[in-house]
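S.K.: Residue numbers (this note's numbering), protein chains in the order written: chain A, 1 to 373; chain B, 1001 to 1429. Here it is, the structure in full.
Below is the structure:
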């Protein structure tokens, strides 16, 4: 089937709740699950669903995203038709503004929409970890005859706080009756996943009106603004989904990869989540190492003990080191006698001999990139 | 005419029959090595790391997997608008004749047009089945400095093994005076590594002449002697780093095992001189709550719930609860059932081993029994399980055994396969 949608991935702004983790990168570029970055999930979902023309719109701290997306090959997006486009703010004769919001960021790249021929646009947030078949989302959109479809999740029975998200109230047909952004309190347990389907021409029209009206945010300025005027349908998703919007969410989502069911859905079943390959040799477990309930990335060499942790690529641990309940990013070195517990070590951190880096359960200590302890 | 300074011709057509069932459906250069690599990754990566961007890969025996692996050369950055990788299969000629490659030099001779296309000054000729990292640009420098017409990479081998190799006799300056294939009484211990740099115009002449004289024109047997007789300047280029010919079950096994030493002789982990491979991006390695993994290499996607000691595991290997894998090579996508023991084994790709199975632990009275079918191949105690094999629950398989295809319990005598015995069944892929 020929795909009739193009994709837009919004990588979002600065997020204070991610603290030092996003001081060097956009949230979407955060390393995840030992060998991925968060944005691999939405991009792979699109590519695997047959969407082969994708714009990634980024502003905040985009260097590492650019590095990661430097080639389209890995998602099979290096095509004559379509491909992967990375848009950052640019200067032109009539404009030298940074993106003033999500709607503005798409509007400033409206040529991408105008020059495309596809009928629909799928817009997805770049900082969520999940696996979704967007073909089903699009089918739902067509079947419901919706103007806009919003992927949504029922969070009843989970500890997710709906007030951190867009909250939907649905009628009996699954049509959006109300939509509030991060309400102070709410009865509803249906939240927006930040994934939308809309016709390309309607999106162009709504963006032009919104910007003329100084409404710069996609959610408040368009979706909520027009919630009564247009028919918005909710597409209910019941698979694994996690938004990386806080240190806790980042830590817990990485730890979720230690669960068999999560690995099975996200990374062990077809279609696969693709990432930029790093050509690291296999992970090496030396004779005195011990590793229990851990993910260990390629190129890593273990001599010490690691438990309940996510170890990324090219990490080196010496003998008699101990890592527990921690996230150790690429290139970290943990010397002999070290204890690392309840910690998130950003890339290339070096913990010198005998040092202890310990947070507490529920409050992991974060060590900034390239720190020597 | 503008041309490339040097292009490489990689000979990847050989069967490698001494690797037994490992090369039944794939050419030797496509056999996996070190968990996630295939042998051909080493010469291909060496090429790109040496600045050589045009590689003709000559294939003949069972090329499907090899062709798929190389694809358009992307993993090695060898996807080029001019050059890159080209798969060169034997092909029909315009007079309706067409021949298989009958020898290494004949294979290159049949592709003279390919080489002429690039108008190179030099041609590097390589094998596809050796494990090493080498900077061919240094060898080319030596070739130029010596004003050589041919340069042959050599490595010192133990004197008592020299009679198994092609031996170069060279003077003090390194100039080759004679080449003797498998000499009974060697006068030198410099063995040819099968890596040659030729000045193309002289090689071109020699290829054509040798092809007229011999039906199986070969570099070692014919081209080198021909050039020497013709008075061409030939130098030996001494290589001193890690290099292994992994042509037998035993040498293949040993070389893999050398990778797991705490400080290995051959380092795959250095940042420069990286070895690239065609790896579909794979999920990370997971070690379970009760896993015990020591002295081992795990490739992407492995899920380990049991014990893995002194072993090399390929992509996506699953070792279930209570299973024990010791001193073994387990290639990609194998599945090791619960409470199963694997010792001193090579498990080829995609094999499924049932629960409570023992493989590689002596069965029967004769602990030294070599393989009944191929005593020349399987004789060092290693048991080999072929690709896409299936082994039922509760069987015990001894040493020097070979199991291939989908077997059921009744294929085993009371569930036992004595040392040296084989079970050969149809393979279902």
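Note that the Cβ used here is the ideal one computed from N, Cα and C, for glycine as well.
Can you check which of these residues, B/1296, B/1322, B/1279, is closest to residue 1289 of chain B by C-alpha distance?
M.R.: Within the second chain, the letter at position 289 stands for residue 1289 of chain B. For residue 1289 of chain B, the nearest C-alpha among the options comes from B/1322.
S.K.: Please work out which residues of its chain come closer than 6 angstroms, Cβ to Cβ, to residue 1353 of chain B, disregarding the five sequence neighbours upstream and downstream, and give them in chain order.
M.R.: Within the second chain, residue 1353 of chain B is the residue found at index 353, counting from 1. Excluding residues within five positions, the ones whose Cβ falls inside 6 angstroms are 1336, 1337, 1340, 1391.
S.K.: Taking Cβ to Cβ, would you say residue 316 of chain A is nearer than 8 angstroms to residue 301 of chain A?
M.R.: Position 316 of the first chain holds residue 316 of chain A. Position 301 of the first chain holds residue 301 of chain A. Yes, the Cβ-Cβ distance between residue 316 of chain A and residue 301 of chain A is below 8 angstroms.
S.K.: Can you list the residues of chain A that residue 1294 of chain B reaches, using a CB-CB cut of under 7 angstroms?
M.R.: Taking the first residue of the second chain as position 1, residue 1294 of chain B is located at position 294. Among the residues of chain A, those whose CB is under 7 angstroms from the CB of residue 1294 of chain B are 285, 287, 289, following chain order.
S.K.: Looking at residue 1310 of chain B: is its Cβ nearer than 8 angstroms to the Cβ of residue 1296 of chain B?
M.R.: For the purposes of this step, residue 1310 of chain B is taken as the residue at position 310 of the second chain. For the purposes of this step, residue 1296 of chain B is taken as the residue at position 296 of the second chain. The answer is yes: Cβ separation under 8 angstroms.
S.K.: May I ask you to list the residues that DSSP assigns as paired with residue 167 of chain A?
M.R.: Walking along the first chain from the start, residue 167 of chain A turns up at place 167. DSSP lists A/180, A/191 as partners of residue 167 of chain A.
S.K.: Taking 8 angstroms as the CB-CB limit, is residue 297 of chain A close to chain B?
M.R.: Translated into the one-based positions of the first chain, residue 297 of chain A becomes position 297. By this cut-off, residue 297 of chain A is an interface position.
S.K.: Taking residue 1430 of chain B as the reference, give the member of B/1155, B/1212, B/1206 with the closest Cα.
M.R.: Residue 1430 of chain B is absent from the structure shown; chain B starts at 1001 and stops at 1429.
S.K.: Determine the contact status of residue 1249 of chain B and residue 1382 of chain B, defining contact as a CB-CB distance below 8 angstroms.
M.R.: Your numbering for residue 1249 of chain B matches position 249 in the second chain. Your numbering for residue 1382 of chain B matches position 382 in the second chain. Contact: yes.
S.K.: Shorter than 8 angstroms from the beta carbon of residue 1085 of chain B to some beta carbon of chain A?
M.R.: As a working mapping, residue 1085 of chain B is identified with position 85 in the second chain. For residue 1085 of chain B, the answer is no, since every Cβ of chain A falls outside 8 angstroms of its Cβ.
S.K.: Just how far apart, CA to CA, sit residue 1402 of chain B and residue 1356 of chain B?
M.R.: Locating residue 1402 of chain B in the second chain gives position 402, where the first residue counts as 1. Locating residue 1356 of chain B in the second chain gives position 356, where the first residue counts as 1. Cα to Cα, the separation comes out at about 19 angstroms.
S.K.: Is there contact here, the stretch 151 to 165 of chain A with the stretch 190 to 207 of chain A, by at least three beta-carbon pairs under 8 angstroms?
M.R.: yes
S.K.: For residue 1242 of chain B, I'd like the list of residues in its chain whose CB is within less than 7 angstroms of its CB, leaving aside the five on either flank, ordered along the chain.
M.R.: Taking the first residue of the second chain as 1, we reach residue 1242 of chain B at position 242. So the list reads 1132, 1265, 1266, once near-sequence residues are dropped.
S.K.: Quick one: using the 10 Å Cβ neighbour count with 16 as the cut-off for buried, is residue 1081 of chain B buried or exposed?
M.R.: For this step, residue 1081 of chain B is matched to residue 81 along the second chain. Residue 1081 of chain B should be labelled exposed.
S.K.: Can you tell me whether DSSP reads residue 1132 of chain B as helix, strand or coil?
M.R.: For the purposes of this step, residue 1132 of chain B is taken as residue 132 along the second chain, with counting starting at 1. Three-state DSSP puts residue 1132 of chain B in a strand.
S.K.: Okay, do the stretch 1162 to 1180 of chain B and the stretch 1203 to 1217 of chain B touch, 3+ Cβ pairs below 8 angstroms being the bar?
M.R.: The stretch 1162 to 1180 of chain B is not in contact with the stretch 1203 to 1217 of chain B.
S.K.: Is the Cβ-Cβ distance between residue 275 of chain A and residue 40 of chain A less than 8 angstroms?
M.R.: Position 275 of the first chain, counted from the start, is the residue given in the question as residue 275 of chain A. Position 40 of the first chain, counted from the start, is the residue given in the question as residue 40 of chain A. Contact: yes.
S.K.: What alpha helix (DSSP H) runs, 4 residues minimum, are completely inside the stretch 1058 to 1127 of chain B?
M.R.: 1064 to 1070, 1104 to 1109, 1112 to 1118
S.K.: Put residue 1361 of chain B into one of helix, strand or coil per three-state DSSP.
M.R.: Residue numbering aside, residue 1361 of chain B sits at position 361 when the second chain is read from its first letter. Three-state result, residue 1361 of chain B: coil.
S.K.: With a threshold of 8 angstroms between beta-carbons, can residue 239 of chain A be considered close to chain B, or not?
M.R.: Locating residue 239 of chain A in the first chain gives position 239, where the first residue counts as 1. No - not a single Cβ of chain B is within 8 angstroms of the one on residue 239 of chain A.
S.K.: Exposed or buried, which one is residue 1056 of chain B when buried takes at least 16 other CB atoms within 10 Å?
M.R.: As a position in the second chain, residue 1056 of chain B is number 56, starting the count at 1. Its Cβ being crowded by 16 or more others within 10 Å, residue 1056 of chain B is buried.
S.K.: Taking 8 angstroms as the cut-off, does the stretch 1177 to 1192 of chain B touch the stretch 1140 to 1150 of chain B (at least 3 CB pairs, one atom from each stretch)?
M.R.: no
S.K.: Which residues in chain E have a C-beta closer than 9 angstroms to the C-beta of residue 292 of chain A? List them in chain order.
M.R.: The structure shown contains no chain E; its protein chains are A and B.
S.K.: If you draw a straight line from the alpha carbon of residue 216 of chain A to that of residue 101 of chain A, how long is it in whole angstroms?
M.R.: On the first chain, residue 216 of chain A is found 216 positions in, with the first residue counted as 1. On the first chain, residue 101 of chain A is found 101 positions in, with the first residue counted as 1. Their Cα atoms are separated by approximately 5 angstroms.
S.K.: Residue 1030 of chain B to residue 1041 of chain B, Cα distance in whole Å?
M.R.: Along the second chain, read from residue 1 onward, the residue named residue 1030 of chain B stands at position 30. Along the second chain, read from residue 1 onward, the residue named residue 1041 of chain B stands at position 41. Distance between the alpha carbons of residue 1030 of chain B and residue 1041 of chain B: 9 angstroms.
S.K.: Assign residue 1213 of chain B to buried or exposed, taking buried as 16 or more other Cβ atoms, counted over all protein chains shown, within 10 Å of its Cβ.
M.R.: Taking the second chain and counting its residues from 1, the one referred to as residue 1213 of chain B is at position 213. Exposed is the call here.
S.K.: Establish whether the CB of residue 279 of chain A and some CB of chain B are separated by less than 8 angstroms.
M.R.: Taking the first residue of the first chain as 1, we reach residue 279 of chain A at position 279. So yes, residue 279 of chain A belongs to the interface.
S.K.: Could you tell me whether any Cβ in chain B is nearer than 8 angstroms to the Cβ of residue 338 of chain A?
M.R.: Working through the first chain from its first residue, we reach residue 338 of chain A at position 338. No, residue 338 of chain A lies away from the interface with chain B (no Cβ there is under 8 angstroms from its Cβ).
S.K.: Is it buried or exposed, residue 1092 of chain B, if we count other Cβ atoms within 10 angstroms and call 16 or more buried?
M.R.: By one-based count along the second chain, residue 1092 of chain B stands at place 92. Counting the other Cβ atoms within 10 Å of the Cβ of residue 1092 of chain B gives fewer than 16, which makes it exposed.
S.K.: How would you write the range of the beta strand (DSSP E) that residue 115 of chain A sits in, first residue to last?
M.R.: Mapped onto the first chain, residue 115 of chain A falls at position 115. Annotation: residue 115 of chain A is outside any beta strand (DSSP E); the continuous alpha helix (DSSP H) that includes it extends over 110 to 115.
S.K.: Would you give the residue range spanned by the beta strand (DSSP E) that residue 1436 of chain B belongs to?
M.R.: Residue 1436 of chain B lies beyond the residue range present for chain B, which begins at 1001 and ends at 1429; the question has no answer from this structure.
S.K.: With burial defined as no fewer than 16 other Cβ atoms inside 10 Å of the residue's Cβ, what is the status of residue 1368 of chain B: buried or exposed?
M.R.: As a working note, residue 1368 of chain B is residue 368 in the second chain. Counting Cβ neighbours within 10 Å, residue 1368 of chain B comes out exposed, since fewer than 16 surround it.
S.K.: Is the stretch 270 to 285 of chain A touching the stretch 142 to 161 of chain A, taking contact as three or more C-beta pairs under 8 angstroms?
M.R.: no
S.K.: Against chain B, does residue 35 of chain A count as a neighbour if the rule is that its beta carbon must be under 8 angstroms from one of theirs?
M.R.: Position 35 of the first chain, counted from the first residue, corresponds to residue 35 of chain A. Judged by the 8 angstroms Cβ criterion, residue 35 of chain A is in contact with chain B.
S.K.: Given a threshold of 16 other Cβ atoms within 10 Å of its Cβ, counted over all protein chains shown, does residue 285 of chain A qualify as buried or as exposed?
M.R.: To locate residue 285 of chain A, count along the first chain from 1; it is residue 285. Its Cβ being crowded by 16 or more others within 10 Å, residue 285 of chain A is buried.
S.K.: Should residue 1422 of chain B be flagged as near chain A, meaning a C-beta pair shorter than 8 angstroms?
M.R.: Working through the second chain from its first residue, we reach residue 1422 of chain B at position 422. With 8 angstroms as the cut-off, residue 1422 of chain B does not count as an interface residue toward chain A.
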